Structures are given as C-alpha cells and as structure tokens.
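Those letters in the sequence shown? Residues -8 to 281, per our numbering, in order. Backbone N, C-alpha and C fix where the C-beta goes; we use that ideal spot for every residue, glycine too. Computed from a prediction, not measured in an experiment: that's the story for all the values here. Beneath this line is the structure, given in structure tokens, with notes to follow.
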Amino acid sequence: MANYKLGDLVWRITGDNSHLNKSLKDSEKAAQKTGKSMDGVTEKAKGMSKTFKALATGAVAMTIKKFVGMASAAEEVDNKFRVVFKNVKKEADSMTENLANNYGLARTEAKKLMSNTGDILIGFGFASKSALDMANSVNTLAADLGSFNNLPTADVSQRITAALTGETDGLKAHGVVVNQSDKAFQSLVKRKMQDEGITLQQAKAGAILNEIQKQSTNAIGDFARSQGSFANQSKILYANLQNIGEEIGKVMLPGFTKLISALVQATKQGGFLMNMFKGIGQYVGWLAKG
C-alpha cells in the first residue's frame, strides 16, 4: 500500500476529486446508454407488436375468406344436387348422408360426386331413381377402391364415371380392364337392352359398371375393413374439418352476400361508386388540361 502523509490524504479527499468526477461522468454515460438501449428495446417491442397484430389481422381475414368461400362452394354444389335429383330428393339425401358418414367424405363432397355421376346418367336417358342408384353404386365403389389403392375417392369416382361413357383406360390404375370388344361383354349389353328395355348407351354403362364390380371383389368393403388405418382416419378427419368450416361459413355468408349485392348495385351505371369514379376521372382530366 502507498505511504501518504496526513496532508496528502486531506488534499486527495477534499481537493483532488478528479477521479471521483471521472467516475461519476462514466456512470452517467453508462446510465444514458442503458436508457437509450431500453428505449430501443421498447421501440422494437412496439414494432413487433404491430407486426404481430397485422399478421393476426391478416390471418383472421384469410380464415374468414376461406370459410365464406367454403360455404359459397357448398351452396353451389347443393343447388346442382337439388336439380339433378329433384324427383328423388328424399332418397338422394339419405344415400348421400350414408356416403358421407360411412365412407370418409364431407357432406358437400359426397353431394358433388353423386350429382356429377347422376347428371351424366340422366343425360343418358336414365330415370332419376335409376341414375341415383347407379351414382350411389359408383361412389361407394370409388370409396372402397380408393381405400384399397390408397387414392382419393374423388379421383376414383371421376375415373369410374368417365368409364361409364366408354373411356375405360383410366381404370387400369385400379387393376380393372374392360374390353368392350369382348364377345361376353357385347352379349351382356344385348341382354340388358332386351331384358330392361334400355338404350344401347344405357346398356353399355350398366355393363361397364358390372364389369368393374366383378373385377373389384377384393376392394369392395375395404373402407369399412380398414377404417381405423392412418390413411382412412385422415380422410375422416379432413371431412369433419370441412364440415365444420362450411357450417362456420354459412353463418357469415348471408352478410357477405348482402355486401356483394350492395357493391354490385353501387358499381352499376348510375351507381354511387360508378358516379364517384367518373367524377374523379373528370377532375383528373381537368387538372391535366390546366
């Protein structure tokens, strides 16, 4: 330790306070830096909060848009379904409900598949009840083949429905080959025409469906057998979520429909928005001339 005389100590304590002043200034600067740093953290936190709020608002808006879109699509599908099966409404509702509940489909998807197939069959001249029964056979078979081959039901339904029009090549992906030039197939078509009193086109459609069913014995019933599998449980979960989304969207849809209708009126010739934009255009044109 350094040896100081009493006078030196008194001077250092009472007179020479430069070290103390320096220490105090350093402390003050450190405090100012800390304050600025905290201010910066606070500003960053505010910025992040605004960003999170914007993201949350955007996510909510996108979710609402999705739900309303789902409800709107469901509405359109239901309209087609009601037209296609207008003469067998009760039976169509019952079959579609069974397809949705027992084959891993959302209600709207089941209606869509049934009406797509039924519409083609009615175009062939089938009566509504016959078209409904065949559409039900096509789509329950599609669900089983989809389960058996791990494919989406909608894709399989589309291929089977196309096959009824004679486009059978798509069935090969499901292990089904329909040879329409085969004598046995042609004999079946003739027999159907005679026994059921139906047209050649109708008889071919019926014969093709019979042939698909005949070659798919291993797949028939597969969805029920393997319902607990991950793939089929995933289909069921997705269908349930689809149903929930549509129900939420249905609550919102009337309000958005009124809003869209109001905007349609406002943007027509003579409407509020049309007149406003015309006025803006005229004003901009006047400024440009000036």
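Exposure label - residue i; buried when at least 16 CB within 10 Å
i, result
"T258", "exposed"
"N266", "exposed"
"T208", "exposed"
"D135", "buried"
"G236", "buried"
"V242", "exposed"
"A253", "exposed"
"L15", "Bear in mind that a pLDDT of 48 at L15, under 50, signals an unreliable position, so the number given afterwards is only what the model happens to contain. Burial call: exposed."
"F115", "buried"
"L191", "exposed"
"F268", "exposed"
"D160", "exposed"
"D213", "buried"
"Q313", "Since the first and last residues shown for the chain are -8 and 281, residue 313 lies out of range."
"K163", "exposed"
"A279", "exposed"
"L275", "It is worth fixing the name first, because residue 275 is Val in this sequence and not Leu. That one is exposed."
"I151", "buried"
"A215", "exposed"
"N127", "buried"
"Q273", "exposed"
Sequence-distant residues of the same chain with beta carbon closer than 6 angstroms to residue i, five excluded per side
i, result
"L104", "N130, S148"
"S119", "N78, V79"
"I113", "A122"
"I329", "One cannot answer for residue 329 here, as it falls past the ends of the chain, which runs -8 to 281."
"A230", "G95, L96, A97"
"W277", "none"
"A62", "E237, G240, K241, L244"
"D186", "none"
"Q206", "V167"
"K194", "Sequence check: residue 194 is Ala here, not Lys. The answer, listed in chain order, is V180, K183, M184."
"A91", "R98, A101"
Span of the alpha helix (DSSP H), counted from its first residue to its last, around residue i
i, result
"D186", "174 to 187"
"N140", "119 to 140"
"N107", "98 to 114"
"A154", "144 to 154"
"E82", "80 to 93"
Cutoff 8 angstroms; reference residue i; Cβ partners in own chain excluding five residues on either side
i, result
"D146", "G137"
"T87", "F72, R98, A101, K102, M105"
"K174", "none"
"V68", "T99, K102, K103, S106"
Own chain partners of residue i with C-beta closer than 7 angstroms, once the 5 adjacent residues on each side are dropped
i, result
"N89", "none"
"I227", "G95"
"A210", "D135, L136, F139"
"I271", "none"
"N234", "A97, R98"
"M249", "Sequence inspection shows Lys at residue 249; the Met mentioned does not correspond to that position. Result list for K249: empty, nothing under 7 angstroms."
"S217", "S138, N223"
Cβ distance (whole Å) where residue i is taken to contact residue j below 8 angstroms
i, j, result
"D110", "V75", "5 angstroms"
"L232", "N201", "Not a contact, Cβ separation roughly 36 angstroms."
"N141", "A198", "Wrong, their Cβ atoms sit about 28 angstroms apart, outside the cutoff."
"L132", "Q204", "6 angstroms"
"I189", "K183", "6 angstroms"
Interface flag, residue i vs chain C, CB-CB below 7 angstroms
i, result
"Q260", "Given the protein chain composition of this structure (a single chain), no chain C is represented."
- Minimum length 4: unbroken alpha helix (DSSP H) runs contained in the stretch 201 to 253: 213 to 216
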